[in-house]
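K.L.:
What follows is a single structure, and I will ask about it in a moment.
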Amino acid sequence: MTVTSKILLLVAGLALAACTNPDRFGGNGAGGANGVGGAGGALVPGSVNDPTSPAYFNQTVGDRVLFAVDQSTISPEGRAVLDGQANWLSTNTDFTAVIEGHADEQGTREYNLGLGEKRANAVREYLVSRGVAGNRLRVVSYGKERPIEICSTEVCYAKNRRAVTVLASGLTG
Amino acid sequence: MRVLAMLCACVTALVLGAGQVVAQGSGPLRIEITEGVIEPLPFALPVFEAETGDAGSLAAQLSQVVAADLTGTGLFRQIQPDAFISTVASFAAPVQFADWKAINAQALITGAVAVQGTQVSVKFRLYDVFSGAELGSGLQFTGTTEGWRRMAHKVADAVYSRITGEGGYFDSRVVYVSETGGKDARQKRLAIMDYDGANVQYLTDSSAIVLAPRFSPGGERVLYTSYETGFPQIYVLDVGSVQRRALDAQEGTMSFAPRFAPDGQTIVFSLSQGGNTDLWSTTINGGAAQRLTSAPSIETAPSFSPDGRQIVFESDRSGSQQLYIMPAGGGEAQRISFGPGRYGTPVWSPRGDLIAFTKQNAGRFHIGVMRTDGAEERLLTASFLDEGPTWAPNGRVIMFTRETQGEGGRASLYSVDISGRNLRPVRTPEGGSDPSWSPLLD
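Chains as they are written, first to last, in this note's numbering: chain Z, 1 to 173; chain A, 1001 to 1442.
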């Protein structure tokens, strides 16, 4: 695959991910765009307008980044999301996170477990490079076991090739 | 495939000891599997005689399972009883070969079943109709009434073995992952069944994802990967007691893809740490894990050669998934796959001659086989998603996972023989994936 086509794929993937289809993780795709929340309006603790809430992290900061086929390289858009995650984690130090790496269904099961771990680890390393303590971040790969989109086309595959930062309260060390 | 010379009338009758293999070309009743069967061999199997008053229904069921085993191979065709001219009044009565010849039965299988309490005994004879002689001598199997299907499989194994000269595979089990729910809500649990899908028993519940079980060489234990702790970790389960325990794991790592070595003690598996997946080995009783590969790429899906001296595995060190062979203790690996596309999940045949694999090329998945040096690659299947081959104990048949496309996509088990013929679904109560075939039971 040429570099150009890789970039095109990435852009396509990100454009799709920007659609706001909340999934079972309550996220908004790779968004991370500055939309809801923040200043103004009544602040309901724990709600999406509460900047210290996991809901805010998931939906406003953006809980996930997407990857090109077979790749674990973090895209510029992904880096922007992860910068937001690193800031949030630096402010909200009561939270730890498990970074879940996922693959699309176009691959064998065990290879995809390895690939998902690579993706999750790439996110972890980036967050650590942005100052998040390594002992707050664990990685796990689900390979192709937990798709969020179930069609068998690139539209869905692009959203399934993801790493999701899942918050947990309390330090686990 | 070719059925040899059924016409040859001057052949001496074969009388072989139980379990003995018919030498190639030594008799008229013979299927050469290696040549691929084009025309299945017709056999007659009159319902086995009930020797005791209460054995009638068991005799009928047993006869059906023997016939189903044989026809299921694609190598045999059952002649329906309404075509029979002769009946077999008793197991001991002489056979009227002319009557069986007239309906073109090439093999005749007779049997008798006796029940005493919870014990059942089954005896059978196999006749070569055209030479008018018994092929091998009569055999008798005894077991519990509850395990009657095993006796049917043993009879069918003996028939298959005498006619093909190959080992049988019907008296065997398959451990697999039973699946329910849609793609985004899939529930998985370990299950074990007879090779033909009968007697399904669940070994775990579906509270945690379980993946890729593998039998120990003796079939009494199963290695698998479970997310019980939230992270993939290797477990070993005793099939008899259904007790399981986790193998030691290193903190902050993921381990998966465990496989037994032929010694039943050594285990090779994948360990992921810091974005890198390598192969490691350990033993069933714990002890320090030893690293076998140290490339920055993904090394997984190992499989031992039957002699335990080598491991075939997949790696994307070249930029895409390919197959490699290395010494069992680690060391330099030789790449063996060179065709277009990518190759994964290699599994060494129990005969040692072939490696089965999953191939992904041009948007399709295939199950294929190649020689251990990568030569003579043959693709046996093609679909949206075929993966994870496992070998029948005789190295002639492969079972694998086929998953269908799209929103309603579902995984199920299929089998195919290594000539690429006789592709057929293996019926399971729920969806199924990741089959692992046991060795022949005792």
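From the three backbone atoms N, C-alpha and C, an ideal C-beta is built for every residue, glycine too.
Please name the residue in Z:57, Z:113 and Z:140 whose C-alpha comes closest to that of residue 1344 (chain A).
P.N.:
Here residue 1344 (chain A) refers to the residue found at position 344 of the second sequence. If we check each option's Cα against that of residue 1344 (chain A), Z:113 comes out closest.
K.L.:
Using DSSP with H/G/I as helix, E/B as strand and the rest coil, what is residue 128 (chain Z)?
P.N.:
The residue given as residue 128 (chain Z) occupies position 128 in the first sequence. Reduced to three states, the DSSP call for residue 128 (chain Z) is helix.
K.L.:
Whose Cβ in chain A lies nearer than 9 Å to the Cβ of residue 145 (chain Z)?
P.N.:
For the purposes of this step, residue 145 (chain Z) is identified with residue 145 of the first sequence, where counting begins at 1. Here the neighbours are 1186, 1188, 1209, 1211 and 1227.
K.L.:
By how many angstroms is the C-alpha of residue 106 (chain Z) removed from the C-alpha of residue 1008 (chain A)?
P.N.:
Within the second sequence, residue 1008 (chain A) is the residue found at index 8, counting from 1. Within the first sequence, residue 106 (chain Z) is the residue found at index 106, counting from 1. At residue 1008 (chain A), the pLDDT of 28 sits below 50, so the modelled position is not reliable and the matter cannot be decided from this model.
K.L.:
Tell me, which residues are paired with residue 1101 (chain A) by DSSP?
P.N.:
If you number the second sequence from 1, residue 1101 (chain A) lands on position 101. DSSP, once it has assigned bridges, lists no residue as partnering residue 1101 (chain A).
K.L.:
Take the Cβ of residue 1122 (chain A) as the centre, count every other Cβ of all protein chains shown within 10 Å, and call the residue buried at 16 or more, exposed below.
P.N.:
Taking the first residue of the second sequence as 1, we reach residue 1122 (chain A) at position 122. The residue is buried, with at least 16 neighbouring Cβ atoms inside 10 Å.
K.L.:
Considering only C-alpha positions, which residue in the set Z:122, Z:125, Z:86 and Z:163 is nearest to residue 142 (chain Z)?
P.N.:
Your numbering for residue 142 (chain Z) matches position 142 in the first sequence. Comparing Cα-Cα distances from residue 142 (chain Z) to each of Z:122, Z:125, Z:86 and Z:163, the minimum goes to Z:163.
K.L.:
Measure how close the beta-carbons of residue 140 (chain Z) and residue 134 (chain Z) come, nearest whole angstrom, since I'm counting them as under 8 Å.
P.N.:
Taking the first residue of the first sequence as position 1, residue 140 (chain Z) is located at position 140. Taking the first residue of the first sequence as position 1, residue 134 (chain Z) is located at position 134. Going by Cβ atoms, the distance from residue 140 (chain Z) to residue 134 (chain Z) rounds to 15 Å, so no, they are not a contact pair.
K.L.:
Given a cut-off of 7 Å, decide if residue 1316 (chain A) and residue 1337 (chain A) are closer than it, judged by their beta-carbon atoms.
P.N.:
Taking the first residue of the second sequence as 1, we reach residue 1337 (chain A) at position 337. Taking the first residue of the second sequence as 1, we reach residue 1316 (chain A) at position 316. No, these two residues do not count as a Cβ contact at 7 Å.
K.L.:
State the DSSP-derived secondary structure class of residue 84 (chain Z), mapped to helix, strand or coil.
P.N.:
For the purposes of this step, residue 84 (chain Z) is taken as the residue at position 84 of the first sequence. Of the three classes helix, strand and coil, the one that applies to residue 84 (chain Z) here is helix, per DSSP.
K.L.:
Taking any Cβ of chain A, which residues in the region 146-162 of chain Z have a Cβ under 8 Å from it, in chain order?
P.N.:
Within the region 146-162 of chain Z, the residues whose Cβ lies closer than 8 Å to some Cβ of chain A are 146, 147, 148, 149, 150, 151 and 152, listed in chain order.
K.L.:
Comparing C-alpha positions only, which one of A:1107, A:1198, A:1185 and A:1120 sits nearest to residue 1162 (chain A)?
P.N.:
Position 162 of the second sequence holds residue 1162 (chain A). Nearest of A:1107, A:1198, A:1185 and A:1120 to residue 1162 (chain A), Cα basis: A:1107.
K.L.:
If you draw a straight line from the alpha carbon of residue 1284 (chain A) to that of residue 1264 (chain A), how long is it in whole angstroms?
P.N.:
Residue numbering aside, residue 1284 (chain A) sits at position 284 when the second sequence is read from its first letter. Residue numbering aside, residue 1264 (chain A) sits at position 264 when the second sequence is read from its first letter. Their Cα atoms are separated by approximately 8 Å.
K.L.:
Since residue 1360 (chain A) contacts residue 1335 (chain A) with CB under 8 Å, what's their CB separation in whole angstroms?
P.N.:
Within the second sequence, residue 1360 (chain A) is the residue found at index 360, counting from 1. Within the second sequence, residue 1335 (chain A) is the residue found at index 335, counting from 1. That pair is no contact at about 17 Å.
K.L.:
Restricting to Cα atoms, I'd like to know which of A:1110, A:1432, A:1382 and A:1063 is closest to residue 1423 (chain A).
P.N.:
Residue numbering aside, residue 1423 (chain A) sits at position 423 when the second sequence is read from its first letter. Ranking the options by Cα distance to residue 1423 (chain A), first place goes to A:1382.
K.L.:
Buried or exposed: which applies to residue 1299 (chain A), given that a residue is buried once 16 or more other Cβ atoms fall within 10 Å of its Cβ?
P.N.:
For the purposes of this step, residue 1299 (chain A) is taken as residue 299 along the second sequence, with counting starting at 1. Under this definition residue 1299 (chain A) is a buried residue.
K.L.:
For the structure I just gave you, are there three or more beta carbon pairs, one from the region 1083-1096 of chain A and one from the region 1139-1155 of chain A, closer than 8 Å?
P.N.:
With a cut-off of 8 Å, the region 1139-1155 of chain A and the region 1083-1096 of chain A do not count as touching, because too few Cβ pairs lie within range.
K.L.:
I'd like to check one pair, residue 1356 (chain A) with residue 1325 (chain A): are the Cβ atoms closer than 7 Å?
P.N.:
Looking up residue 1325 (chain A) in the second sequence gives position 325. Looking up residue 1356 (chain A) in the second sequence gives position 356. No, these two residues do not count as a Cβ contact at 7 Å.
K.L.:
Please list the partners that residue 1450 (chain A) has in chain Z, where partner means a Cβ-to-Cβ separation under 8 Å.
P.N.:
In the structure as shown, chain A starts at 1001 and stops at 1442, and residue 1450 (chain A) therefore has no counterpart that could be examined.
K.L.:
Between residue 1359 (chain A) and chain Z, is the shortest Cβ-Cβ distance under 7 Å, so that the two count as touching?
P.N.:
Counted from its first residue, the second sequence places residue 1359 (chain A) at position 359. Closer than 7 Å: no.
K.L.:
Does the separation of the CB atoms of residue 1303 (chain A) and residue 1292 (chain A) fall below 7 Å?
P.N.:
As a working mapping, residue 1303 (chain A) is identified with position 303 in the second sequence. As a working mapping, residue 1292 (chain A) is identified with position 292 in the second sequence. No.
K.L.:
Can you look up residue 942 (chain A) in the DSSP assignment and give me helix, strand or coil?
P.N.:
This structure does not reach residue 942 (chain A), given that chain A is present from 1001 up to 1442, and the question cannot be answered.
K.L.:
Can the beta-carbon of residue 1418 (chain A) be found closer than 7 Å to that of residue 1347 (chain A)?
P.N.:
As a working mapping, residue 1418 (chain A) is identified with position 418 in the second sequence. As a working mapping, residue 1347 (chain A) is identified with position 347 in the second sequence. No, the Cβ-Cβ distance between residue 1418 (chain A) and residue 1347 (chain A) is not below 7 Å.
K.L.:
Straight-line CA distance for residue 1378 (chain A) to residue 1089 (chain A)?
P.N.:
Within the second sequence, numbered from 1, the residue matching residue 1378 (chain A) stands at position 378. Within the second sequence, numbered from 1, the residue matching residue 1089 (chain A) stands at position 89. If I take the Cα positions, the gap works out to 48 Å.
K.L.:
According to the neighbour-count rule (16 or more other Cβ atoms, all chains shown, within 10 Å of its Cβ), is residue 3 (chain Z) buried or exposed?
P.N.:
Reading the first sequence from its first residue, position 3 is the one you call residue 3 (chain Z). Because the pLDDT at residue 3 (chain Z) is just 42, under 50, the model does not fix this residue reliably, and the value given afterwards should be weighed accordingly. Exposed: under 16 other Cβ atoms inside 10 Å.
K.L.:
Tell me whether residue 1318 (chain A) is buried or exposed, calling it buried when 16 or more other Cβ atoms sit within 10 Å of its Cβ.
P.N.:
Against the second sequence, residue 1318 (chain A) aligns to sequence position 318. That one is exposed.
K.L.:
Tell me which residue opens and which closes the beta strand (DSSP E) that residue 1248 (chain A) is part of.
P.N.:
Counting from 1 along the second sequence, the entry for residue 1248 (chain A) is found at position 248. From DSSP, residue 1248 (chain A) is part of no beta strand (DSSP E); its letter is neither H nor E.
K.L.:
Give the secondary structure of residue 1055 (chain A) by DSSP, where H, G and I count as helix, E and B as strand, and everything else as coil.
P.N.:
Position 55 of the second sequence holds residue 1055 (chain A). Of the three classes helix, strand and coil, the one that applies to residue 1055 (chain A) here is helix, per DSSP.
K.L.:
Output yes if chain A places a C-beta closer than 7 Å to the C-beta of residue 110 (chain Z); else output no.
P.N.:
Reading the first sequence from its first residue, position 110 is the one you call residue 110 (chain Z). By this cut-off, residue 110 (chain Z) is an interface position.
K.L.:
Using a C-beta to C-beta distance shorter than 7 Å, which residues of chain Z count as neighbours of residue 1344 (chain A)?
P.N.:
Locating residue 1344 (chain A) in the second sequence gives position 344, where the first residue counts as 1. The contacting residues are 108 and 111.
K.L.:
Could you list which residues in chain A have their beta carbon closer than 8 Å to that of residue 122 (chain Z), in chain order?
P.N.:
Along the first sequence, one-based indexing puts residue 122 (chain Z) at 122. Going along chain A in sequence order, the residues near residue 122 (chain Z) (Cβ under 8 Å) are 1275.
K.L.:
If you pair each beta-carbon of the region 1077-1086 of chain A with each one of the region 1135-1143 of chain A, do three or more pairs fall below 8 Å?
P.N.:
No, because fewer than three Cβ pairs between the region 1077-1086 of chain A and the region 1135-1143 of chain A fall closer than 8 Å, the two stretches do not touch.
K.L.:
Just to confirm my understanding: we take residue 1102 (chain A), look at its own chain, exclude 5 residues before and 5 after, and list those with CB closer than 7 Å. What are they?
P.N.:
Within the second sequence, numbered from 1, the residue matching residue 1102 (chain A) stands at position 102. Around residue 1102 (chain A): 1085.
K.L.:
Measure the CB-CB distance between residue 1213 (chain A) and residue 1247 (chain A) and report whether it falls below 7 Å.
P.N.:
Here residue 1213 (chain A) refers to the residue found at position 213 when the second sequence is read from its first residue. Here residue 1247 (chain A) refers to the residue found at position 247 when the second sequence is read from its first residue. For residue 1213 (chain A) and residue 1247 (chain A), no; Cβs fall outside 7 Å.
K.L.:
Would you list the residues sitting across from residue 1127 (chain A) in a DSSP beta bridge?
P.N.:
Translated into the one-based positions of the second sequence, residue 1127 (chain A) becomes position 127. Paired residues: A:1108 and A:1134.
K.L.:
Can you give, in chain order, each stretch of the alpha helix (DSSP H) that sits fully within the region 107-173 of chain Z and has at least 4 residues?
P.N.:
Runs of the alpha helix (DSSP H) inside the region 107-173 of chain Z: 109-129 and 154-160.
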